[in-house]
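Colleague: These protein sequence lines are chains A and B, in that order. Take the first sequence: its position 26, counting from 1, is numbered 26 in our numbering, and each next residue is one higher. To get our numbering, take the position in the second sequence, counting from 1, and add 100. Ideal placement from N, C-alpha and C gives every residue a C-beta, glycine not left out. Mind looking over this structure? Questions follow.
Protein chains: 2
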Amino acid sequence: MPTAKIRITLKPTVLDAQGAVVARALQSLGFEEVQGVRMGKYIEVELEEGGDTQARVDEMCRQLLANPVIEDYRIELE
Amino acid sequence: MPTAKIRITLKPTVLDAQGAVVARALQSLGFEEVQGVRMGKYIEVELEEGGDTQARVDEMCRQLLANPVIEDYRIELE
């Protein structure tokens with residue numbers, strides 16, 4: 001059964017307030033080597049065999065999983 | 101500058117209510133091939149050079165980024 005592994009990240013130009021907070025939290029825990037943090041989503045979708053899986057998963061991202069205005073997504077099929 | 105790419109997922113035995121809702125939403129949008137969805141987090145951490153990066157990022161996951169009781173995490177360094 002194919003699995004699509006999707007990583008959704010904010011576009012580089014979009015301010016990531018949550019990431020900035022996590023970066024500061026890590027630094028205050030003693031991880032001074034942290035330069036920056038970007039938070040995203042990771043989604044695994046289990047699929048039935050058959051069809052053009054890459055195109056279908058791309059359509060799922062555009063319709064529901066990601067917000068293409070402010071987010072980028074990368075799809076890996078396994 | 102090294103970047104750690106961290107994928108955090110719920111352990112397979114933990115109920116993923118959000119994933120179940122997203123799976124149903126995809127099916128009702130016409131993606132009937134969807135068998136299941138698991139939601140997770142994706143975090144990119146930019147680091148300064150030097151030190152045992154893998155061990156440090158592992159420590160960040162255990163102390164702050166993940167909840168090792170219910171979550172698994174995978175670290176890729178680039």
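Determine whether the Cβ of T13 of chain A lies closer than 9 angstroms to any Cβ atom of chain B.
Modeller: Closer than 9 angstroms: no.
Colleague: Is any beta-carbon of chain A found at less than 9 angstroms from that of A120 of chain B?
Modeller: Closer than 9 angstroms: no.
Colleague: With a cut-off of 9 angstroms, does the C-beta of Q54 of chain A fall near any C-beta of chain B?
Modeller: For Q54 of chain A, the answer is no, since every Cβ of chain B falls outside 9 angstroms of its Cβ.
Colleague: Determine, using beta-carbon pairs with one atom in the region 161-171 of chain B and one in the region 104-112 of chain B, whether at least three such pairs fall under 8 angstroms.
Modeller: The region 161-171 of chain B vs the region 104-112 of chain B: in contact.
Colleague: Measuring CA to CA, which of B:D172, B:M160, B:E148, B:R174 is closest to T103 of chain B?
Modeller: Out of B:D172, B:M160, B:E148, B:R174, B:E148 has the C-alpha closest to the C-alpha of T103 of chain B.
Colleague: Near T53 of chain A, what residues of its chain come up, given a Cβ to Cβ distance below 8 angstroms and the 5 sequence neighbours on each side ignored?
Modeller: These residues qualify, in order along the chain: P2, A4, L47, L77.
Colleague: What do you get for I170 of chain B, buried or exposed, if any count of 16 or more other CB atoms within 10 angstroms of its CB means buried?
Modeller: With fewer than 16 other Cβ atoms within 10 Å, it is exposed.
Colleague: Looking at the C-beta of A117 of chain B, does it have a partner C-beta in chain A at a distance below 9 angstroms?
Modeller: Cβ-Cβ to chain A under 9 angstroms: no for A117 of chain B.
Colleague: Could you name the residues of chain B that G64 of chain A contacts, counting a contact when the two beta carbons are closer than 7 angstroms?
Modeller: The question names Gly, yet the displayed sequence has Leu at residue 64 of chain A. Here the neighbours are A125, L126, L129.
Colleague: If I179 of chain B sits next to V45 of chain A, beta carbons under 8 angstroms apart, how far is it from one beta carbon to the other, in whole angstroms?
Modeller: This structure leaves residue 179 of chain B out entirely; chain B is present only between 101 and 178.
Colleague: Run through chain A and tell me which residues come within less than 8 angstroms of L147 of chain B, C-beta to C-beta.
Modeller: Result: E33, V34, Q35.
Colleague: Among B:V114, B:G150, B:L126, B:R174, which one has its Cα closest to the Cα of R56 of chain A?
Modeller: Answer by Cα proximity: B:L126.
Colleague: Could you tell me the alpha carbon to alpha carbon distance between E33 of chain A and A23 of chain A, rounded to whole angstroms?
Modeller: E33 of chain A and A23 of chain A: Cα-Cα distance of roughly 10 angstroms.
Colleague: Does T53 of chain A come out as helix, strand or coil in the three-state DSSP assignment?
Modeller: Three-state result, T53 of chain A: helix.
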